[in-house]
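Heads up: the structure comes next, in structure tokens.
In the numbering used here, the protein residues as written are 26 to 425.
Printed below as a string of structure tokens:
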């Protein structure tokens, strides 16, 4: 609404999308508990839940496009491009991957229209891009809006944002086969996925550079504004994850990393480091404005949250990287006669210290989120904590 200078086309439709999505989450969660799932990663809900989500998502698309069409701002801001790509692509992926036939007229069980290697390829075309467009494109839209607003600076390069957008849209959709290295998928398809994954590194880092350089002339705010710090760490994790992903897509590297905790570390550095931190920063930005407060309850609590979350995710991701490499090396260790040196149970036992460290990192991250919850609650209640400023800048003396 802000970037279009127009109200939503329908408040009732917006409420339908909100409550409809909550109902979808409830249907999916109860399906897990009752064992009513398709058994497909990131696409577990059965056909009736998929159908309901399709209806809600189409309503979301209509709401978004309708508001864009009636905008008073002649230019479509870059954040809205990423949101539109996220909505349209997720719809396409969801519909195609969940094409299925119910086993009975009123039953919950269904069977996919695809089978064998075609089913696997469709699933990971969906799995890779659902993550890519849900957790990348949508949150890049948030970065392009909230980072300039909080820094009080324009986007560093609008031309770079155009290149970033179109390169990301074209390349991301083809990278899914890198999830299926060393499987029954044809070798040319595996190689194609690897090539597009490596090419994806360039536009991803273009977006990272654009985000960081938006702070040009405002780097001093890093000392006094923990929300800016969160945004910078988020963009840094985005850059790190989008470098690590292409590296892991290389077949020789993937032979070591696949099925190991390295993949878990990679996913969590992106989900908690990039998505989590930019989301925290966005909430801190919006809450005082939504409830008409002059400031947050406590900037020092934001700073505590920043350090707990940052240290937590660094520990979490780093130990998973080490754990994954250890796991991969132990799995491929053979003796002189060609037998495996370690049993599966021995590899699990070797990873125990890493899992303890992982739990500690996760606990730190969760503690930061609880600090945030208290801070947000007190802000909504209209409280302001009496505290010293984050940094007192000394008075500058003229040179003699």
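For every residue, glycine included, the Cβ atom is placed at its ideal position computed from N, Cα and C.
Taken through DSSP and simplified to helix, strand or coil, residue 55 comes out as helix. For secondary structure counted as the alpha helix (DSSP H) over 4 or more consecutive residues, the segment 263–291 holds these complete runs in sequence order: 276–282. DSSP places residue 126 outside any alpha helix (DSSP H); the residue lies instead in the beta strand (DSSP E), whose first and last residues are 125–127. Following the DSSP letters along the chain, one finds residue 183 inside the alpha helix (DSSP H) bounded by residues 183–197.
For residue 272, same chain residues with a beta-carbon under 8 angstroms away, outside a window of 5 residues either side, are 278 in chain order.
Contact between residue 343 and residue 298 does not hold, since the beta-carbon distance rounds to 11 angstroms and is not under 8 angstroms. For residue 390, the uninterrupted alpha helix (DSSP H) segment begins and ends at 377–405.
Between residue 227 and residue 157, the alpha-carbon positions lie close to 15 angstroms from each other. For the 9 angstroms CB-CB criterion, residue 126 and residue 117 do not form a contact. Here the alpha carbon of residue 149 sits roughly 23 angstroms from the alpha carbon of residue 80.
Taking a cut-off of 8 angstroms for Cβ pairs, the segment 249–257 and the segment 300–310 touch, as three or more such pairs fall below it. Under the three-state reduction of DSSP, residue 210 is assigned to coil, being neither helix nor strand. When DSSP states are grouped into helix, strand and coil, residue 239 belongs to the coil group.
In this structure, the CA atom of residue 284 is about 26 angstroms from the CA atom of residue 71.
Linking residue 400 to residue 321 through their CA atoms gives a straight-line distance of about 7 angstroms.
Cα atoms of residue 175 and residue 356: separation of roughly 48 angstroms, rounded to the nearest angstrom.
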